[in-house]
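Residue numbers (the UniProt record's numbering): 1 to 766.
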């Protein structure tokens, strides 16, 4: 019975292996033009692809390596957690230097194996391809591809710039990028048997038994294989997934090399690599033909592996200034259609543990999806706070009042700033409740419109130069914090709370802060428990200063590039001079700075200290108060998902007005879009200046900013007003609705519309 049991187990294992082999899908056929007349040669020279895989697996079994982690079969789900977590903190990853890596991460460099000698050049290869196209004899090309991709050593022999040089630095991968590009560009136009031979070779390399750490030649091979255009086809995804898994499982030091080598890839190829990974993730989540892929339960590691590799490219992109591609090119809009809150809650519960969540890699989540997460997180906090208020009221045997569920702000238009700041200061405990605004003496009910009006008017007054809290820089068209010292910085805290309320209540503001402000606002993104910890301090450079004070930044840049004697010609010291209330004050940039001359040797330090003083130290108390005010309302782990640029979009929306997009998404009530009045309306609006278009948007919606999702997210509606055509248009800003009388001609409509949108303050009830 023991022997029978053993035979049963072996038969079970054989069945499992056969099933796993079948899941390596067939290779797509090349175009009939490229493969014409060549199928006979393919059949005579090579066995089928599935037979080849079977042969390789049998060889692996013969040497007792059936449990190798790199075996090209689909693992059981219990092995999903074998991959070590990488890039858990993407921001930190961008700043890693090989010199700062801990000793245990610096794996010893294993000896490189001697490479075969391959002498084929780019021109030789191109000549072979041209001859094959004209003669139909692809043997030379086939031999090159099958030999080159047969192993990692052969890949290096073909594409390494110098086979005798080690190329062990992050600065130069040693890859002949031009040759790689030419070979891959030609690959998809070769016959099917040539393409099959490449994939067979890749499988052979991935099945290799690894002993010890990877060599730099191995990393070069991974870097080259990732660029294979065949992996854009879903039928190669099983092979692609195993390649991604091996790369994701590399050590931190190996990832460091791949990141720095990747930043040298051309923009076009880099974008193709990123798009290929995004497509792989999308199609695994929502396959067009589910039967093309193994069951999800058997390949749960596909998406984590691809996302971790994508994180390496994101880190490489962030190392370059300007970046190779936009950070938005890493967005995967497919994720907008999954259960984002489940992802967010998993991330909150498990953090950066082995349990995968897209929130561990926020660069892949679009700003629209992040806005949904933040909105729902805010709503849940609002409900929780309101419920607690209700419970407290009932527990004290007091009669519940609906107003206790809201942050009620009552203000007079004539004392808007002082009333608003007083209300927010008194009701600090209610800041996380739903905001409701009442203008004293006006009959308007706040269903959202009054709130938008309040924000708009309040921001306009607070940022006025006469108020003294912020300085407007005409050259850069932005505001910055006044460095004037004062006894009380509470107003800056309240302005921060005001901006936090806008994000919390999904209101866009017309604020013109430079990008540096939002970088400081996320430094750190979560308020530290230790109140002695500095907040709002971030690394700043001349690039940040040029966005605020371009003229001063240009002068400092000239100082850095000056070829003469800086000390004698500029006669400067490590000091900065500022005018405060008509008095010139002097500050040392470092200890005894007034006695240290600026020279050719120390001018970089001088410029860095100067920029740091202007953007960090001179306004520290003002910005710290602003920081705490913002986070008193917006304290949420969701902020960890955001880049500074994304915070700016959430706060300010988009300034780009696309009225054609608004026209396409507008809904009508009482009108048809073909009616004469509607055609007059859009002819007039599309011909408006940008200023008048902004006024129309403000009149109809309460804000002149475009929300994160674009014009379509406004849900703009035009309704027919049955009043006399002598009346002006009316707007319901709570519902983004414009009520338009049926004016008789375009001239009358334009005249009445301009009068209406130019006098758009105040609310009443019909």
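Ideal placement from N, C-alpha and C gives every residue a C-beta, glycine not left out.
According to DSSP, simplified to helix, strand and coil, what is residue i?
i: residue 586; result: strand
i: residue 739; result: strand
i: residue 433; result: coil
i: residue 673; result: coil
i: residue 175; result: strand
i: residue 236; result: helix
i: residue 160; result: strand
i: residue 461; result: helix
i: residue 533; result: coil
i: residue 668; result: strand
i: residue 514; result: coil
i: residue 597; result: strand
i: residue 167; result: coil
i: residue 438; result: strand
i: residue 481; result: strand
i: residue 145; result: helix
i: residue 228; result: coil
i: residue 540; result: coil
Going by beta carbon distance, what residues of the same chain come within less than 7 Å of residue i, once the five residues before and after it are set aside?
i: residue 538; result: 519, 520 and 523
i: residue 382; result: 432, 433 and 434
i: residue 728; result: 752, 755 and 756
i: residue 804; result: Any question about residue 804 goes unanswered here, given that the chain covers just 1 to 766.
i: residue 282; result: 332 and 334
i: residue 746; result: 680, 683 and 684
i: residue 750; result: 684
i: residue 560; result: 603, 604 and 607
i: residue 477; result: 512
Tell me where the alpha helix (DSSP H) around residue i begins and ends.
i: residue 477; result: First-last for residue 477: undefined, no H or E at that position.
i: residue 207; result: Note, residue 207: premise wrong, no alpha helix (DSSP H); not H, not E.
i: residue 645; result: 644-652
i: residue 126; result: 122-135
i: residue 554; result: 550-561
i: residue 663; result: 659-665
i: residue 341; result: 340-350
i: residue 522; result: Careful: residue 522 lies outside any alpha helix (DSSP H) and carries neither H nor E.
i: residue 610; result: 603-615
i: residue 567; result: 566-570
Near residue i, what residues of its chain come up, given a Cβ to Cβ distance below 6 Å and the 5 sequence neighbours on each side ignored?
i: residue 496; result: 626, 629 and 630
i: residue 587; result: 576
i: residue 742; result: 677
i: residue 152; result: 205, 218 and 221
i: residue 261; result: 173 and 223
i: residue 713; result: 707
i: residue 421; result: 494
Where do the ends of the beta strand (DSSP E) carrying residue i lie?
i: residue 411; result: 406-411
i: residue 470; result: 470-473
i: residue 576; result: 575-580
Leaving aside the five residues before and after residue i along the sequence, list all residues of the same chain whose C-beta is less than 8 Å from its C-beta, in chain order.
i: residue 460; result: 510
i: residue 565; result: 600
i: residue 156; result: 115, 163, 217, 220 and 221
i: residue 467; result: 417 and 461
i: residue 502; result: 455, 508, 509 and 651
My assumption, with CB atoms under 8 Å, is that residue i sits in contact with residue j. Please give the rounded CB distance.
i: residue 739; j: residue 758; result: With a Cβ gap of about 17 Å, residue 739 and residue 758 do not count as contacting.
i: residue 643; j: residue 184; result: No, residue 643 and residue 184 are not in contact; Cβ-Cβ is about 32 Å, not under 8 Å.
i: residue 180; j: residue 246; result: Not confirmed; about 19 Å, so no contact.
i: residue 363; j: residue 314; result: 5 Å
i: residue 654; j: residue 603; result: Rounded, the Cβ-Cβ distance is 39 Å, inconsistent with contact.
i: residue 479; j: residue 513; result: 6 Å
i: residue 232; j: residue 276; result: 6 Å
i: residue 810; j: residue 702; result: The displayed coordinates of the chain run from 1 to 766. Any statement about residue 810 would go beyond what the structure contains.
i: residue 224; j: residue 159; result: 6 Å
i: residue 341; j: residue 373; result: 7 Å
i: residue 669; j: residue 717; result: 6 Å
i: residue 299; j: residue 241; result: 7 Å
i: residue 336; j: residue 638; result: No, residue 336 and residue 638 are not in contact; Cβ-Cβ is about 16 Å, not under 8 Å.
i: residue 451; j: residue 505; result: 7 Å
i: residue 440; j: residue 409; result: So it is not a contact: roughly 11 Å between Cβ atoms.
Within 7 Å (strictly less), CB to CB, does residue i reach chain C?
i: residue 576; result: Of the protein chains in this structure there is only one, and it is not chain C.
> Taking only runs of the beta strand (DSSP E) that begin and end inside the stretch 695-732, which ones reach a length of at least 3 residues, in chain order?
Replying inline: 717-720 and 730-732
> Hey, which unbroken runs of the alpha helix (DSSP H) at 4 residues or more fall wholly within the stretch 268-297?
Replying inline: none
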